[in-house]
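Going by our numbering, the first residue of the sequence shown is number 16, and it counts up by one from there.
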Amino acid sequence: MNRRRDNIRPLLSAARQLLESRALLAGLAIVAGMAVVAVLASALLYPGAGRAAHTLSPPGGPEFTRNAVGMSTSDASAADSRGGLPSVTTVPYWLAKQRQARMTTSTAPDLPADEAFPDSASPSPVTPTTVSTTNLVLSAGQTPLAGVWSGTASMLADYLLRDNPRPSFTVPTSTLAELYVTYAAEVGLRADVLWAQMIHETGFGRYGGDVAPAQNNYAGIGATGGGEPGCSFASAEAGVQAHIAHMVAYVWTVSPAAWANAQTDPRFDAVPSRGSARVLSDLDGRWAVPGVGYGARIERHVDAINRMRP
């Protein structure tokens with residue numbers, strides 16, 4: 016009898032170990048199943064998780080972040096040196112607009128002024144497909160006003176500061192240049208031309224005439240001479256927008272941006288003929304009266320700016 020019990024005990028022990036191992040495997044299977052369920056639930060509840068870091072909207076899309084003055088916190092030249100679109104938060108808005116215009120018209124050459132608008136009586140409203148990047152400079156005031164300038168804000172600032180290292184603007188010159196490049200790109204006008212006009216009107220930021228630096232009036236808007244100081248704007252940004260909006264009234268029959276209107280520029284509706292200016296010389300006798308050679312004088316600054324290296 017004892018011998019039988021001794022023979023049965025190993026069998027019972029082996030059976031017990033088998034049952035315990037099966038219980039362990041069952042437990043592991045349950046845990047693994049719970050993990051799979053958790054992963055599937057997370058994917059259903061948060062379908063965008065794990066992809067946000069790789070999402071990049073087209074240039075100018077909603078994922079381009081902008082600060083109070085409309086720029087990202089990065090430096091434009093750094094983005095250029097890396098090439099392409101480095102990331103969502105490192106591409107300045109104006110640079111994205113330049114690239115957007117370049118992509119939509121990459122095969123279209125810069126046109127002379129008399130070919131830019133075939134129907135001179137009614138220039139077309141600006142759209143991304145009708146504006147190309149450009150740094151074309153002609154002569155005798157024939158440089159076009161429309162386009163997205165292909166240069167950088169640092170080029171604008173450097174040109175001014177070489178002549179006047181201490182301008183009287185209410186913001187740093189680099190900040191002012193960024194504002195011009197940003198808002199000019201939004202409406203399809205050339206930042207180099209607008210900056211050159213600002214330089215002409217303010218004497219490289221020295222002022223000294225009827226308009227005072229604190230007015231943030233960069234183009235003599237409303238200043239008609241004889242001590243009339245013209246319009247004043249609450250900030251440098253507002254002043255830049257007013258300048259560009261005033262040019263919009265001369266160049267485009269339909270405003271291409273919601274902010275380019277009479278609320279931004281008090282003289283917007285005073286422009287006698289919308290869409291009447293295609294080149295710089297068209298501003299003679301319009302922006303400036305009598306204005307003989309007004310556009311050509313601005314054009315000399317445009318030429319000098321574009322001879323600078325980025």
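Just so you know, even glycine gets a beta-carbon here, dropped at the ideal spot from N, CA and C. Keep in mind that this is a model prediction, so the values were computed, not measured.
Check	Outcome
Reduced DSSP secondary structure (H/G/I, E/B, other) of residue 323	coil
Straight-line Cα distance separating residue 278 from residue 287	17 Å
Secondary structure, alpha helix (DSSP H): runs of 4+ residues fully inside the stretch 241–275	251–266
Whole-angstrom C-beta distance between residue 308 and residue 297, which should lie under 8 Å	That pair is no contact at about 13 Å.
Exposure label - residue 321; buried when at least 16 CB within 10 Å	buried
Identity of the residues DSSP links to residue 149 by a beta bridge	164
Separation of residue 232 from residue 250, as counted between CA atoms	9 Å
Any 3 or more C-beta pairs closer than 8 Å across the stretch 267–285 and the stretch 173–193	no
Beta-carbon gap between residue 204 and residue 162 smaller than 9 Å	yes
Cβ distance (whole Å) where residue 275 is taken to contact residue 263 below 8 Å	4 Å
Those residues which DSSP pairs with residue 208 across a bridge	Partner(s): none; residue 208 has no beta bridge.
Contact set for residue 246: own chain, Cβ-Cβ below 6 Å, skip 5 residues either direction	232, 236, 237, 281
Enclosing alpha helix (DSSP H) for residue 192 [first to last residue]	188–202
Pair within 9 Å by beta-carbon distance, residue 295 and residue 160	yes
Residue 129 versus residue 266: straight-line alpha-carbon distance, rounded	Interpretation of residue 129 is limited by its pLDDT of 35, a score under 50 that renders its predicted location unreliable; no figure is taken from the coordinates.
CA nearest to the CA of residue 303, picked from 210, 181, 165, 215	215
Alpha-carbon to alpha-carbon, residue 149 and residue 324	15 Å
Inter-residue CB distance, residue 258 and residue 234 (contact presumed, cutoff 8 Å)	4 Å
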